[in-house]
């Protein structure tokens, strides 16, 4: 499951994700911490010194120094988060700043105890550190216990009143450390569960996207994802191709279904590849009929039609078959859009579509019949031969042409 999440870096995907997540959590915390530290350095500390408002138990230099180091710590992390590339260097950076946070925590515990005789804020700081720092290994969990022991030793040595030991405040610190120890393990398990769920959701989204992009043109799929609907569009000069596999119906009647589907699947796959190569959009297949369009690029559709005929000849030769493609081309105004709510279908409508279909149905096997409009658009770049007047259903006699190749 872990391989579902893509990364551009070497390393276990979960560990890479975990380190990135920790950086993402720490960035806003350090931004707030930097602002608070600068506020104390520039406003609160000078006012407290001038008005003689802070506890005399805390030397002014110790308090200001802690605020200064805190500001440097936060600024350093914010800078490192933008400058350090790669998973391994970022993990080492995270470990280094965790050690720094541990030292700042011990220092803060001393300042807090000397100033207020209370460790409530220390407990909050410990929980915050456990919540935002996360990287592989048990390094953090043991350091929580070590920092609690270090803080106990410092406060026991500095506390001349005996309150720290006498009122068992050291027990509170040890409890806080064990809470952080347990919380770290819980957060890691929670992160693993979140990562697994993220992988599952990512995989499902990719599957859904694959189906969507296979059914719709890329720009239409993006619009549907962004707005849950697609605005119908009018195209003034859409090139439309219809192709029919002559001989396939008789072939299918004499073969088992699996063989029929296998041959049709291979043939349509080769046709799809040619469409992609020419930048033409596949609209649909109906049985052994194929429809494709291109907006204002008649030449691309004509070149595709020629390549489809070449592919059909090769396909027959390789498999000993006798299929023929009957292809019709026309260009003109059309409307395109998505219909359906549960099963999306991108389709094209208009008289131009009907005429392109008539060009195919009234054509000849192995040839590409085009309308007068296609001939006028391409006669300088492609070779044509006039077929003459052809009775087109619903239109009457129309002059048509056979596309022969490039000029």
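In my numbering, the protein residues as written are -2 to 404. The beta-carbon is built from N, C-alpha and C at its ideal position, and this holds for glycine as well. Since this is a predicted model, take the numbers as computed values, not measurements.
- Between the C-alpha atoms of residue 290 and residue 93 there is a straight-line separation of about 59 angstroms.
- Along the stretch 161 to 214, the alpha helix (DSSP H) occurs as fully enclosed runs of 4 or more residues at 166 to 212, listed in sequence order.
- A distance of 7 angstroms or more separates the beta carbons of residue 68 and residue 98.
- Straight through space, the alpha carbons of residue 397 and residue 386 are spaced by roughly 6 angstroms.
- Residue ranges of uninterrupted beta strand (DSSP E) with 3 or more members are absent from the stretch 27 to 57; none lies entirely inside it.
- In the structure shown, the three-state DSSP call for residue 292 is strand.
- Here residue 388 is bridged, per DSSP, to 394.
- Here residue 329 is bridged, per DSSP, to 235.
- DSSP, reduced to helix, strand and coil, places residue 267 within a helical segment of the structure shown.
- Within a 10 Å sphere around the beta-carbon of residue 175 sit fewer than 16 other beta-carbons, which makes this residue exposed.
- Annotation note: the stretch 104 to 158 contains the following uninterrupted alpha helix (DSSP H) runs of length 4 or greater, listed N- to C-terminal: 117 to 129, 136 to 155.
- Leaving aside the five residues that flank residue 235 on each side, the residues in its chain whose CB is nearer than 6 angstroms to its CB run, in chain order, 290, 292, 331.
- In the DSSP annotation of this structure, the continuous segment of the alpha helix (DSSP H) that includes residue 370 starts and ends at 369 to 375.
- Within the DSSP secondary-structure output, residue 383 pairs in a beta bridge with 398.
- Sixteen is the threshold: when 16 or more other Cβ atoms of the shown chains lie within 10 Å of the Cβ of residue 23, as they do, the residue is buried.
- Rounded to the nearest whole angstrom, the CA to CA distance from residue 227 to residue 188 is 38 angstroms.
- Exposure of residue 168 is indicated by the presence of fewer than 16 other C-beta atoms within 10 angstroms of its C-beta.
- Within the same chain, and ignoring the five residues on either side of residue 105 in sequence, the residues whose Cβ sits closer than 7 angstroms to its Cβ are 63, 119, 122.
- When C-beta atoms of the stretch 72 to 88 are compared with those of the stretch 25 to 42, three or more pairs fall below 8 angstroms, so the two segments count as touching.
- When 239, 309, 202 are compared, the shortest CA-CA separation from residue 299 is found for 239.
- Per DSSP, reduced to three states, the secondary structure at residue 278 is strand.
- Less than 7 angstroms separates the beta-carbon of residue 325 from that of residue 357.
- Three or more Cβ pairs drawn from the stretch 344 to 359 and the stretch 238 to 257 lie within less than 8 angstroms of each other, which places the two stretches in contact.
- The alpha-carbon of residue 248 is positioned some 8 angstroms away from that of residue 257.
- Distances from the alpha-carbon of residue 103 to those of 381, 152, 307, 43 put 152 closest.
- In this structure, residue 100 lies away from residue 19, with their beta-carbon atoms at least 7 angstroms apart.
- Residue 45 and residue 38 have their C-alpha atoms some 10 angstroms from each other.
- Boundaries of the beta strand (DSSP E) harbouring residue 344: 342 to 346, taken from the DSSP string.
- The residue from 61, 186, 172 with its alpha-carbon nearest to that of residue 141 is 172.
- Beta-bridge annotation (DSSP): residue 334 is paired with 344.
- In the DSSP assignment, residue 250 falls within the unbroken alpha helix (DSSP H) covering 245 to 250.
- It is roughly 21 angstroms from the alpha-carbon of residue 344 to the alpha-carbon of residue 296.
- Residue 245 and residue 313 have their alpha carbons spaced roughly 12 angstroms apart.
- The DSSP-derived three-state label of residue 240 is strand.
- Listed as beta-bridge partners of residue 286 by DSSP are 241, 283.
- Residue pairing by DSSP puts residue 403 in a beta bridge opposite 379.
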